[in-house]
Amino acid sequence: MTDPILALTGVTKSFGPIEILHGVDFALHPGEVHALIGENGAGKSTTMKILAGYLDPTGGQVTWQGKPMSFSGSEQAEDLGIIMIHQEFNLAEHLSVDQNVFLGRELRRGFLLDHKAMRAQTADLLGQLQCRVDPATPVNRISVPDKQMVEIAKALSRKARVLIMDEPTAVLTERETEVLFAQIERLRAEGVAILYTSHKLGEVKRIADRVTVLRDGTMVRSDLTADVSEDDMAAAMVGRELSDLFPPKPAHGAEPILEAQGITVPGVVHDASLTLHRGEVLGIGGLVGSGRTELAEAIAGLRPRSGTVRLKGQDLPANHVATAMRAGLVYLTEDRKGAGLLLDKTLRENLTLGQLDRFGSPLIDRKREEAALDSAIADFAIRAPERGMAVGDLSGGNQQKLLLAKTLLSDPQVVIIDEPTRGIDIGTKQQIYALIARLAAEGRSIIVISSEMPELIGLASRVVVMHAGRIVGELADAAVTEGNIVRLAMGLDGHEKDSAA
Amino acid sequence: MSMATTAPTRRPRVNLAVIAPIVALIVLILIGMALNPNFLSYANITNVLARSAFIGIIAIGMTFVITAGGLDLSVGSMAAFVAGLMILVMNMLTESMGGGLPVILIGIALALFTGLAAGFVNGILITRAGIEAFILTLGTMGIYRSLVTWLADGGTLSLGYEMRELYRPVYYDGILGISWPIIVFAVLAILGEIVMRHTAFGRHCAAIGSNEKVARYSSVAVLRVRLMTYVLLGTLVGIAVVMYVPRLGSASATTGLLWELEAIAAVIIGGTLLKGGFGRVWGTVVGVLILSLIGNLLNLTDFVSPYLNGAIQGVVIILAVVLQRNTGAAR
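Going down the list, the sequences are from chains B and L.
Read left to right, the first sequence gives residues 34 to 534 (our numbering).
Read left to right, the second sequence gives residues 25 to 355 (our numbering).
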């Protein structure tokens with residue numbers, strides 16, 4: 034085998050006090066497609082960003098062509114030929130396709146831009162990708178798969194020696210995926226080292242020469258793809274022991290509290306129905322982008338939808354969050370910083386924002402607000418160095434606890450919690466799990482949406498799994514296993530067979 | 025009980041952005057006292073305050089609009105239009121009804137209602153039709169300015185002599201030697217400060233300006249609160265006009281010219297964030313006073329030409345924004 038062109042040796046990465054990569058060894062060889070797989074939060078993105086110079090490792094060594102390397106930034110990595118295609122597009126929406134492809138490396142003739150040459154070369158690149166987009170079209174007018182193709186064209190136009198692709202096929206149709214694979218095979222033949230991530234294990238099996246599995250920031254196995262089956266990969270991704278991180282599941286009643294029928298959000302959720310019982314913790318599993326969040330937001334009145342939502346026999350209107358909240362249904366967002374908390378405001382202002390009418394009218398009673406904050410700090414063990422500090426300066430765990438306190442302030446009957454523990458440490462996770470169990474024991478009904486399989490299994494007695502906007506299966510009691518959820522979420526089982534299966 | 029009480033608490037440091045407007049105001053007053061002994065005279069002070077009342081009343085409303093992440097460029101033209109319409113209708117009524125107090129009361133009611141309606145139109149188009157506030161109010165600014173020019177037929181609309189005499193006291197009289205515009209401005213400023221700091225509406229304005237999505241997810245009626253800020257501003261424009269018309273008794277195409285920019289400048293100098301999310305009415309009042317004192321000082325002294333008024337005001341505005349950026353979100 035050839036020497037690796039780009040490698041990591043014992044690389045660790047910490048964000049603040051939390052280490053999320055623990056000594057990762059990883060090597061990319063010229064002319065090889067190397068798949069990196071793992072659950073959400075396993076450390077794939079961090080690994081890729083270290084390889085592409087976006088992040089510095091906290092410990093360990095990055096090696097470029099056998100020599101230790103420390104990138105000053107992604108620009109230096111790009112100059113060396115290490116190109117990363119991000120999952121979120123990195124395109125200037127108002128510029129045309131060719132302007133995007135040559136952004137920052139515009140071709141010139143004298144002082145002036147050589148539009149003709151750029152347009153011709155872009156057309157040529159898109160032709161190779163069998164993408165029928167006119168290079169003069171502004172990017173905001175082309176479809177999502179076409180944007181992905183433009184990103185790939187952009188990468189191809191640079192002389193890539195290492196190409197890092199973060200779930201490139203997530204938004205592509207089967208035909209487009211085939212075209213992409215043909216390009217990957219061509220680049221491999223030209224000696225480019227390719228790092229490829231995907232949740233679609235069938236694709237990994239097909240295109241990758243070697244597969245490395247990450248779990249919780251640790252490399253669990255690295256094998257030639259020929260030696261592992263798809264089920265082996267899934268097992269390696271999820272196979273971890275459940276500790277007593279989770280409290281025992283309380284028994285729930287049979288009385289239905291929340292009934293959602295035929296929920297459809299155009300383009301993201303199709304005809305999803307579910308029932309939630311009194312005191313029950315129901316899990317919703319599925320990949321990021323499978324429509325879980327959109328389904329929850331539609332139920333909570335945060336999105337336009339069709340279909341009915343009935344809470345204790347009362348119909349809740351679409352797109353009217355205040356009614357849902359008054360009726361006793363609340364939604365805790367996964368986007369803590371973007372939709373959950375006002376980062377520049379104090380704890381008190383955040384806590385009471387949704388419930389100000391309960392704190393006096395017309396004037397807000399400051400004392401009652403302070404009292405509410407006192408009990409929130411005590412009940413949720415929020416640790417704030419200063420009472421009057423801006424919420425943005427709190428740690429992620431304390432922000433999450435405050436968000437929980439804020440969401441639960443209305444004393445709801447039904448709580449939908451989206452990613453209850455994203456980006457927080459294990460100790461706080463345990464506190465939040467205990468809280469969820471306590472809420473259920475009090476007779477409230479909870480829906481937990483999570484990308485972390487152990488979380489779903491540890492908390493929920495029943496799990497529905499979504500794939501591509503549809504509920505593809507429901508698992509209860511003993512059938513709630515990581516393997517079953519992953520298989521459904523990946524589209525391997527269930528009503529909707531994916532071609533990858 | 026709580027971690028917050030056991031944790032070591034740092035003494036809150038004096039925030040420069042919080043006190044800067046007050047410091048600037050005090051410095052201006054000291055300079056004024058040093059340069060001209062008449063500066064602190066009763067006549068001069070009441071004159072400055074009464075003149076700043078119009079912009080001040082409008083700037084109170086502007087504080088809410090800007091805090092909620094909006095902007096209204098149309099208030100100057102709106103004031104001119106409301107004033108023109110008010111004068112026109114009062115003159116017509118004087119002919120048919122023969123003048124007297126009822127005509128004045130109808131005129132006042134009309135001014136308040138027209139202001140409210142104009143604010144409602146701005147607000148409804150911004151919130152429901154989703155037009156950018158800057159663009160929409162730029163449009164309505166031109167519309168109202170053009171309407172008042174048309175109403176006045178290119179000239180000046182003047183209130184009839186008899187009505188002017190009857191209406192005059194609303195600007196020139198007062199209680200305890202303080203004229204009505206100053207009293208109204210003070211009362212509205214205090215009310216505005218209370219609404220901003222101690223009511224759900226004020227809190228919601230700040231939340232929407234800070235992060236609209238968070239506000240929506242927290243079941244704040246974002247569109248309604250936004251709309252209300254523009255309605256409030258329009259109504260305050262109406263009140264300002266009620267105070268303004270008796271001063272000169274006329275309205276023309278140049279009435280209220282650049283008031284919108286003065287109001288916005290006062291709001292920003294006062295420490296309200298232009299991008300929204302934090303606002304304070306008392307700061308706006310200080311901002312209004314700073315702007316009028318600069319003009320007054322230049323008139324009282326021959327130190328600097330009064331023609332440089334705009335330049336000095338401009339420097340103050342720029343300084344205020346630089347201070348805001350350096351100290352982050354003020355509170």
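Note that the Cβ used here is the ideal one computed from N, Cα and C, for glycine as well.
This structure is a prediction, so every number in the text was calculated from the model and none was measured.
Chain L within 7 Å of residue i, Cβ atoms only
i: Val447/B; result: no
i: Thr366/B; result: yes
i: Leu26/B; result: This structure cannot speak to residue 26/B, because chain B is shown only from 34 to 534.
i: Val424/B; result: no
i: Ala405/B; result: no
i: Ala351/B; result: no
i: Val134/B; result: no
i: Ala355/B; result: yes
i: Met270/B; result: no
i: Met81/B; result: no
i: Met358/B; result: yes
Contact under 7 Å by Cβ, residue i with residue j
i: Gly108/L; j: Gly300/L; result: no
i: Arg325/B; j: Ile465/B; result: no
i: Leu54/L; j: Ile314/L; result: no
i: Gly86/B; j: Ala110/B; result: yes
i: Leu128/B; j: Glu139/B; result: no
i: Leu39/B; j: Leu54/B; result: no
i: Gly100/L; j: Trp306/L; result: no
i: Val312/L; j: Ser76/L; result: yes
i: Val246/B; j: Val253/B; result: yes
Reduced DSSP category for residue i - H, G, I as helix; E, B as strand; rest coil
i: Ala125/B; result: coil
i: Val513/B; result: coil
i: Phe48/B; result: strand
i: Asp451/B; result: strand
i: Gly352/L; result: At Gly352/L, the pLDDT of 46 sits below 50, so the modelled position is not reliable and the matter cannot be decided from this model.
i: Phe18/B; result: Since the first residue shown for chain B is 34 and the last is 534, residue 18/B is missing from the structure and cannot be characterised.
i: Lys237/L; result: helix
i: Ala533/B; result: A caution first: Ala533/B carries a pLDDT of 37, below 50, which makes its placement in the model unreliable, though a value can still be read off. Correct three-state label for Ala533/B: coil.
i: Leu315/B; result: strand
i: Lys378/B; result: coil
i: Gly324/B; result: coil
i: Ala169/B; result: coil
i: Met252/B; result: strand
i: His285/B; result: coil
i: Glu119/L; result: helix
Residue from the options with nearest C-alpha to residue i
i: Pro445/B; options: Gly393/B, Asp304/B, Leu291/B, Arg325/B; result: Leu291/B
i: Ile150/L; options: Leu97/L, Val328/L, Leu282/L, Leu59/L; result: Leu97/L
i: Arg343/B; options: Gly373/B, Pro289/B, Ala305/B, Ile185/B; result: Pro289/B
i: Thr259/L; options: Phe302/L, Phe137/L, Gly56/L, Arg248/L; result: Phe137/L
i: Pro395/B; options: Leu343/L, Ile53/L, Leu321/L, Arg227/L; result: Arg227/L
i: His500/B; options: Arg152/B, Ser323/B, Asp412/B, Ala493/B; result: Ser323/B
i: Ala193/B; options: Ile116/B, Asp390/B, Ile332/B; result: Ile116/B
i: Leu196/B; options: Val134/B, Asn173/B, Glu65/B; result: Glu65/B
i: Ala103/L; options: Met187/L, Val340/L, Gly166/L; result: Gly166/L
i: Gln294/B; options: Asn123/B, Ala268/B, Ala329/B; result: Ala329/B
i: Ala355/B; options: Lys345/B, Leu335/B, Leu374/B, Ala150/B; result: Leu335/B
i: Ser33/B; options: Phe413/B, Gly71/B, Asp390/B; result: Residue 33/B lies beyond the range of chain B shown here (34 to 534); nothing can be said about it.
Residue-chain proximity (residue i, chain B), Cβ-Cβ < 7 Å
i: Asn235/L; result: yes
i: Ala92/L; result: no
i: Leu298/L; result: no
i: Tyr357/L; result: Here chain L covers residues 25 to 355 and nothing more, so residue 357/L does not appear.
i: Arg227/L; result: yes
i: Thr253/L; result: no
7 Å Cβ cut-off: residues of chain B touching residue i
i: Thr223/L; result: Pro395, Leu396, Ile397
i: Val238/L; result: Ala372, Gly373, Leu374, Leu375
Residues that residue i contacts on chain B, provided the C-beta gap is smaller than 9 Å
i: Gly301/L; result: Leu375, Asp377, Lys378
Interface partners of residue i on chain B, CB under 8 Å
i: Ala231/L; result: Leu375, Lys378, Glu382, Leu386
i: Ala48/L; result: Neighbours of Ala48/L on chain B: none; closest Cβ ~24 Å, over 8 Å.
i: Val244/L; result: Leu386, Gly387
Contacts that residue i makes with chain L (C-beta to C-beta distance below 8 Å)
i: Leu335/B; result: Arg240, Tyr241
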